[in-house]
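Each residue of the sequence shown is one higher than the one before, counting from 1292 in our numbering. Taking it in order: structure first as structure tokens, then the write-up.
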Amino acid sequence: MTRPSSQSGSAFFIILIAIFIFGALSYAMMQGSRTAQSGLSSEQARLAANEIISNGDNVQKTVQTLRLRGCTNAQINPGANPNAPTDNSCDIYNLAGGKATFYKLPENYHDPKFPYNTTDVSADASYNVEETPTETTDLVYYVKFIKKDICLSINKILEIETDTNGDPPAETLEAWWQDYDGTFKTGGNGIGDDSDAPHENHSSGCYGDSTSGYTYYHVLLAQ
């Protein structure tokens, strides 16, 4: 004699297991797809953000140390300042000066939409970061072309608001990137120019623009 109720129960149990396995596989594939799009998991993006912020803090501390040793603002040398002392004592990255380690953005942090090269890290005094503490041009350190997920993580750590569309706040800056030569330029747009801009009063953060993608900035010398 057959036992249909027992067989029916076993079949139902097998179907439940199959549904569970299918759901688990689908979830894993979705998560894998998200990670593949950015190349980084959310935790990896957070760790990358902390690494970039920490490096910016270290460069700023190096500049402060050089100032305490007697270097003037005009003598601070991120790499191409003709007004710096010839003994390299005011060079940020020279062993005779600040001894800071030059940061090269890891390739897996880099936005693949842009060419990858070592000039992604620079410092110039073309722009002002609003209210830091005045509206005068600052010496600002930049790490350009970083991935969007890292930019968002940077702003989350630094408590900078995200745009309503979920993107990092955008900035419209003139394309006049140039190495710091000891002088502070005047005019042009600044970071956080609008009165309600998320970057206003933030000496570091991350923004998006059409020229350099998502960019981390950090004020080294505030005016």
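Heads up, the beta-carbon is just placed ideally off N, CA and C, and yes, glycines get one too.
Are there 16 or more other CB atoms within 10 angstroms of the CB of residue i, so buried, or fewer, so exposed?
i, result
"S1503", "buried"
"L1511", "buried"
"F1393", "exposed"
"A1336", "buried"
"Y1407", "exposed"
"E1452", "exposed"
"E1462", "buried"
"G1389", "buried"
"A1416", "buried"
"Y1505", "buried"
"L1386", "exposed"
In angstroms, rounded to a whole number, what distance separates the CA positions of residue i and residue j?
i, j, result
"K1447", "P1459", "10 angstroms"
"V1431", "P1373", "18 angstroms"
"Q1366", "I1383", "10 angstroms"
"T1427", "L1443", "27 angstroms"
"Y1471", "Y1507", "17 angstroms"
"C1497", "G1347", "12 angstroms"
"D1500", "D1454", "13 angstroms"
"L1449", "I1344", "9 angstroms"
"E1398", "V1354", "27 angstroms"
"P1403", "T1356", "36 angstroms"
"A1375", "R1360", "14 angstroms"
"D1378", "G1457", "48 angstroms"
Might you give, ordered along the chain, the residues of its own chain that have their beta carbon closer than 7 angstroms to the beta carbon of residue i, omitting 5 neighbours on each side?
i, result
"N1349", "A1391"
"K1400", "The residue you asked about is not Lys; residue 1400 is Tyr in the sequence shown. Taken in chain order, the residues that qualify are A1339, I1437, K1438, I1441."
"T1477", "T1428"
In terms of DSSP beta bridges, what is residue i paired with?
i, result
"C1442", "BP columns for C1442 are empty, so no partner."
"Y1505", "I1437, G1499"
"S1279", "Residue 1279 falls outside the range modelled here, since the chain spans only 1292 to 1514, and no answer is possible."
"N1368", "D1382"
"A1461", "G1499"
"L1512", "L1430"
"H1401", "I1437"
"I1482", "V1420"
For residue i, which residues in the same chain have their Cβ closer than 6 angstroms to its Cβ, ignoring the five residues on either side in sequence?
i, result
"V1412", "Y1394, V1434"
"P1369", "I1383, A1414, Y1471"
With a CB to CB cut of under 8 angstroms and the five nearest residues on each side skipped, what residues in its chain are close to residue i?
i, result
"A1371", "D1470, Y1471, D1472"
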